[in-house]
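**Q**
Okay, structure coming up:
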C-alpha cells in the first residue's frame, strides 16, 4: 500500500497540476468561482489517480499512472493551441519565453514520464527472462554437481 501511495503522489500530484492547467484553458474566463474550479481539478485528478493506484496491482501501477500522466501532459500544448492564441506557434516566434516555457516544460515533463514508463516496462519484461536464465544455470550447475556423485556410486 505504501508503494501505491508513493506512485499516486509522485505521479498523481504533477498530473493534477497539469489538470489544473487544462482547467485554466478550458473553463470560461467569466465563470464564477473559476479559480476554485481550477484548484478542484488538481485535487480531483490527484484523488482519482490515488484511487486508481490502490485498485491496481503494484506491478502495473507505476507504468499505468506514468503513461496516463504523460498523455495528459503531451496533449496540453495542443489544447492550448486550440483554445488560445498564446501557443507555441505564436509565443516562440515572438520570443515570449515566459509563455512558451510553460508549454515546453510540460512537453519535457511528458517525455520524461513516457521514458520512465518505458524503462519500467522494459525492466518488468527483462525480470522474468533473467529469472528463467538463473533457473537454467542453477539446473545445469546442479546436474554438473550430481555427475561426480553418480559416477562414484557406479
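Residue numbers (this note's numbering): 1087 to 1240.
Note that beta-carbon positions come from the ideal geometry of N, C-alpha and C, so glycine has one too.
Predicted model, so just to flag it, every value in this text is computed and none were measured.
Would a C-beta distance cut-off of 8 Å place residue 1192 and residue 1104 closer than the cut-off?
**A** By 1-based counting over the chain shown, the position of residue 1192 is 106. By 1-based counting over the chain shown, the position of residue 1104 is 18. Closer than 8 Å, so yes.
**Q** Determine, using beta carbons only, whether residue 1156 and residue 1196 come nearer to each other than 8 Å.
**A** Locating residue 1156 in the chain shown gives position 70, counting from the first residue. Locating residue 1196 in the chain shown gives position 110, counting from the first residue. Against a cut-off of 8 Å, the Cβ pair of residue 1196 and residue 1156 comes out as a contact.
**Q** Taking the alpha-carbon positions, what's the residue 1092 to residue 1209 distance?
**A** By 1-based counting over the chain shown, the position of residue 1092 is 6. By 1-based counting over the chain shown, the position of residue 1209 is 123. Taking the straight line from one Cα to the other gives about 19 Å.
**Q** Quick one: give me the first and last residue of the alpha helix (DSSP H) that residue 1100 is part of.
**A** Along the chain shown, read from residue 1 onward, the residue named residue 1100 stands at position 14. Looking at the DSSP string, the run of the alpha helix (DSSP H) that includes residue 1100 is 1088-1112.
**Q** What residue range does the alpha helix (DSSP H) around residue 1166 cover?
**A** Translated into the one-based positions of the chain shown, residue 1166 becomes position 80. Taken as a continuous stretch (DSSP letters only), the alpha helix (DSSP H) holding residue 1166 covers 1144-1169.
**Q** On the DSSP letters alone, give me the boundaries of the alpha helix (DSSP H) that residue 1120 sits inside.
**A** Locating residue 1120 in the chain shown gives position 34, where the first residue counts as 1. Note, residue 1120: alpha helix (DSSP H), 1120-1141.
**Q** According to DSSP, is residue 1072 helix, strand or coil?
**A** Residue 1072 cannot be examined here, being either before or after the span of the chain that is shown, 1087 to 1240.
**Q** Within 10 Å of its beta-carbon, does residue 1173 have 16 or more other beta-carbons around it, so buried, or fewer, so exposed?
**A** Locating residue 1173 in the chain shown gives position 87, counting from the first residue. Residue 1173 should be labelled buried.
**Q** Can you grab the Cα-Cα spacing for the pair residue 1138 / residue 1097, in whole Å?
**A** On the chain shown, position 52 is the one that residue 1138 refers to. On the chain shown, position 11 is the one that residue 1097 refers to. Roughly 12 Å separates the two Cα atoms.
**Q** Using the three-state DSSP reduction, which class does residue 1174 fall into: helix, strand or coil?
**A** What you label residue 1174 is simply residue 88 of the chain shown in a count that begins at 1. DSSP places residue 1174 in helix when its eight states are reduced to three.
**Q** When the Cα atoms are used, what is the spatial distance from residue 1187 to residue 1120?
**A** By one-based count along the chain shown, residue 1187 stands at place 101. By one-based count along the chain shown, residue 1120 stands at place 34. Whole-angstrom Cα-Cα distance: 24 Å.
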